[in-house]
Amino acid sequence: MKRTLPPTIRDLLKAQRLAAGEAESLVPGTDIVLPTRDTRGVTVVIIAYHSGRILFDSIERVLAETAVKQLILIDNGSSERTIELLREIDDAYERVLLVQGHGNIGFARAANMGAQLATQPWVVFLNPDAILCDGAVEALVDTALKTPRPCLVGARVLNPDGTEQRGSRRGEVTPVTTLVSLMRLSKYLPFLCAYEIHREHEPLPESPAPVAAVSGACFCISRADFLSVGGFDTRFFLHVEDVDLCWRIRKKGGAVLFHPTAEVIHEGHTSRVDPVFVEMNKGLGLVYYFRKRADSLWRKAYVLALAPLIVGISVLRAVLRRRLRDADDFS
Numbered sequence: 007m008k009r010t011l012p013p014t015i016r017d018l019l020k021a022q023r024l025a026a027g028e029a030e031s032l033v034p035g036t037d038i039v040l041p042t043r044d045t046r047g048v049t050v051v052i053i054a055y056h057s058g059r060i061l062f063d064s065i066e067r068v069l070a071e072t073a074v075k076q077l078i079l080i081d082n083g084s085s086e087r088t089i090e091l092l093r094e095i096d097d098a099y100e101r102v103l104l105v106q107g108h109g110n111i112g113f114a115r116a117a118n119m120g121a122q123l124a125t126q127p128w129v130v131f132l133n134p135d136a137i138l139c140d141g142a143v144e145a146l147v148d149t150a151l152k153t154p155r156p157c158l159v160g161a162r163v164l165n166p167d168g169t170e171q172r173g174s175r176r177g178e179v180t181p182v183t184t185l186v187s188l189m190r191l192s193k194y195l196p197f198l199c200a201y202e203i204h205r206e207h208e209p210l211p212e213s214p215a216p217v218a219a220v221s222g223a224c225f226c227i228s229r230a231d232f233l234s235v236g237g238f239d240t241r242f243f244l245h246v247e248d249v250d251l252c253w254r255i256r257k258k259g260g261a262v263l264f265h266p267t268a269e270v271i272h273e274g275h276t277s278r279v280d281p282v283f284v285e286m287n288k289g290l291g292l293v294y295y296f297r298k299r300a301d302s303l304w305r306k307a308y309v310l311a312l313a314p315l316i317v318g319i320s321v322l323r324a325v326l327r328r329r330l331r332d333a334d335d336f337s
């Protein structure tokens, strides 16, 4: 049963959460939900926005996982047909909660809403075009339970052909490493590999290993840790919010781990959203992230000077990709 706490209990819980150092609420007006006592229980949060047919394959796989006690679907404004199908799923499964009607509020804000409504102690954020592999959820939670808090554990993200996807495990994201990665310079100048953000070319570790950042396509974090650091920064509309969250976890002395055997298959490029819009927001998100981390005036000036280049390259990549796709469709 979906629960809304009466004001008196809500106020008491608010006081308890503030005393424990947790955030009061990530979404104004959202009811605070009391998590269950199951220490291994998992809530999966999926944000949908014109995600395509793959969304329902992802949902089907999540519902097959016995470790998942709750699935929260946040719809940011999909088609009427998609919403109709999501409502059918919501009606059919007691452990599914559908939240829709708020429009496109951005990934970060929607994800925070999902975490706020979660009833389980562990939250797995999953992209709508990502398919869980067997045992992935249990592996992520097992590792998180053994790791000092706060911690965040990311899955190994695979392409449909089984190769590891770029962004699955990352080094430090700085203006220099960003330009090296965006322009794929290490492909032509191998000595620049040390300045590459993406680490999929490195040997696969035998066990969960610390990294600077993991992919937001699939990761696990305790609900308490997520709320205590303030959730996703909602000034990121689309992209880079995962990198920022990893940085803030590490800043608090926590661990960010890459799990080599907890795997998901990420289709990618299934959304009908304009890729130029996506890449522009990625570029703007990177610039905001660098400004946020800049600890001196000259660093802020440095970021400001590079901002047009970072955003411009991001958009140019999307334009070229779209033209190549259109050419393939024409041929």
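For the sequence shown, my numbering gives the first residue as 7, with consecutive numbering after it.
We put the beta carbon where it would ideally sit given N, CA and C, even for glycine.
ask   = Can you pull the DSSP bridge partners for Val50?
value = Paired residue(s): Leu77 and Val130.
task = Throw me the rounded Cβ distance for the Asp250 and Gly222 pair, which I believe falls under 8 Å.
result = Contact annotation, Asp250 with Gly222: C-beta distance approximately 10 Å; criterion of less than 8 Å not satisfied.
query = Between which two residues does the beta strand (DSSP E) containing Ala161 stretch?
reply = It spans Cys157 to Leu164 - the beta strand (DSSP E) in which Ala161 sits, taken as one unbroken run.
inquiry  = I need the straight-line Cα distance from Ile227 to Met119, nearest angstrom please.
reply    = Taking the straight line joining both Cα atoms gives about 15 Å.
key: Closest Cα partner of Ala161 within the set Arg297, Leu132, Leu91 and Glu285   = With distances taken between Cα atoms, Ala161 lies closest to Leu132.
Reduced DSSP secondary structure (H/G/I, E/B, other) of Ser85 = Coil at Ser85, not helix or strand.
request  = Could you please give me the residues that DSSP links to Val293 through a beta bridge?
outcome  = Beta bridge pairing from DSSP links Val293 with no other residue.
key: Residue span of the alpha helix (DSSP H) that contains Thr183, given as start and end   = Pro181 to Leu188 is the span of the alpha helix (DSSP H), which, as asked, contains Thr183.
key: Backbone CA spacing between Thr267 and Leu303 [nearest angstrom]   = When rounded, the distance between both Cα atoms is 43 Å.
task = Pick out whichever of Ala324, Glu273 and Ala261 has its Cα sitting closest to the Cα of Gly289.
result = When only C-alpha atoms are compared, the closest one is Ala324.
query = On the three-state DSSP scale, how would you describe Pro216?
reply = Of the three classes helix, strand and coil, the one that applies to Pro216 here is strand, per DSSP.
Leu188 beta carbon less than 9 Å from that of Ile65 = No, these two residues do not count as a Cβ contact at 9 Å.
request  = Reducing DSSP to helix, strand and coil, say where Arg329 ends up.
outcome  = Of the three classes helix, strand and coil, the one that applies to Arg329 here is helix, per DSSP.
query = What's the call for Ser213, buried or exposed, on a 16-neighbour Cβ count within 10 Å?
reply = Exposed.
task = Provide the residue span of the beta strand (DSSP E) that contains Phe225, from first to last.
result = That run of the beta strand (DSSP E) goes Cys224 to Ser228.
query = Are there 16 or more other CB atoms within 10 angstroms of the CB of Arg205, so buried, or fewer, so exposed?
reply = Taking all protein chains shown into account, Arg205 has 16 or more neighbouring C-beta atoms within 10 Å of its C-beta and is therefore buried.
Alpha helix (DSSP H) segments (min. 4 residues) lying fully within the segment 96–145 = DSSP assignment within the segment 96–145 yields the following whole alpha helix (DSSP H) runs of 4 residues or more, N-terminal first: 113–123.
request  = Give every residue of the same chain whose Cβ lies closer than 8 Å to the Cβ of Arg328, excluding the five residues on either side of it in the sequence, and list them in chain order.
outcome  = Excluding positions up to five away in sequence, the list reads Pro281 and Val282.
Identity of the residues DSSP links to His204 by a beta bridge = His204 is bridged to Arg176.
query = In three-state DSSP terms, what is Thr149?
reply = Looking at Thr149 - three-state DSSP - the assignment turns out to be helix.
query = How would you write the range of the alpha helix (DSSP H) that Glu66 sits in, first residue to last?
reply = Here the alpha helix (DSSP H) through Glu66 covers Ile60 to Leu69.
inquiry  = Tell me whether the segment 255–270 and the segment 145–160 touch, counting them as touching only if at least three CB pairs, one residue from each stretch, are closer than 8 Å.
reply    = As far as the Cβ criterion goes, the segment 255–270 touches the segment 145–160, which means the pair count is three or higher.
Closest residue to Val235 among Leu158, Ala313 and Phe113 (Cα-Cα distance) = Looking at the Cα atoms, Leu158 is the closest of the given residues.
ask   = With a cut-off of 8 Å, do at least 3 Cβ pairs link the segment 73–81 to the segment 97–115?
value = In short, these stretches touch, since the Cβ pair count reaches three.
ask   = Taking the alpha carbon of Asp148 as the point to measure from, which residue in Leu195, Thr45, Glu94 and Ser174 has its own alpha carbon closest?
value = Answer by Cα proximity: Thr45.
ask   = Which parts of the segment 234–315 are runs of the alpha helix (DSSP H), unbroken and 4 residues or longer, counting only runs that do not cross its ends?
value = List check, alpha helix (DSSP H) in window: 247–257 and 281–299.
request  = Work out the CA separation of Glu178 and Ser192 for me, nearest whole Å.
outcome  = Cα-Cα distance, rounded: 16 Å.
task = For Ile203, collect the residues of the same chain with a Cβ closer than 6 Å to its Cβ; drop the 5 residues on either side in sequence, then sort them by chain order.
result = Excluding positions up to five away in sequence, the list reads Arg176, Gly177, Val179, Thr183 and Ser187.
inquiry  = Quick check: the Cα distance between Ala300 and Val309, rounded to an integer number of angstroms?
reply    = So the two alpha carbons sit approximately 8 Å from each other.
task = Give the DSSP-derived three-state secondary structure of Val321 in the structure shown.
result = In this structure, DSSP gives Val321 a helical state, which the three-state scheme calls helix.
Euclidean distance between Cα positions of Met286 and Arg190 = C-alpha separation (whole angstroms): 18 Å.
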